[in-house]
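In my numbering, the protein residues as written are 2 to 133. Backbone N, C-alpha and C define an ideal beta-carbon position, used for all residues, glycine too. From a predicted model like this one, the values you see are computed outputs, not experimental measurements.
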């Protein structure tokens, strides 16, 4: 029976993955110094826990305020569109009201009641000033 030479055994593949992880970890350790920061004998995180918590609190506060500001902006935009719609409705209603107050529009509406415009001019009433 022939032996498969292309397939690697599972042990060899796991060893390669572990080597890659070790290379990555050693590179990160050299570049950033993670073992110096979080090593077993390092007391830095314990000594500066108050500063770490303060910065964490400030970051959470910053994120919360950004979410609040974005919510307010969305609410303002929604309100602005509602105000624009109400302004357009007001303009239409005002135009209709101003049009309805004209004499020609009023005469069109009172024709249904049987009233019509007078064809004769009104009589002028003259009051003599010495008859008081």
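- Following the DSSP letters along the chain, one finds residue 44 in no alpha helix (DSSP H), marked with neither H nor E.
- Assignment of residue 68 by DSSP, reduced to helix, strand and coil, places it in the helix class.
- If the five residues before and after residue 83 are omitted, its C-beta is found closer than 8 Å to no C-beta atom of its own chain.
- DSSP places residue 116 in the coil class of the three-state scheme, outside both helix and strand.
- By the criterion of a C-beta distance shorter than 7 Å, residue 108 is surrounded in its chain by 118, once the five residues flanking it on both sides are discounted.
- Residue 126 carries a coil assignment under DSSP once its states are collapsed to helix, strand and coil.
- For residue 80, the secondary structure class from DSSP, reduced to helix, strand or coil, is helix.
- Residue 97 and residue 60 have their C-alpha atoms roughly 56 Å apart.
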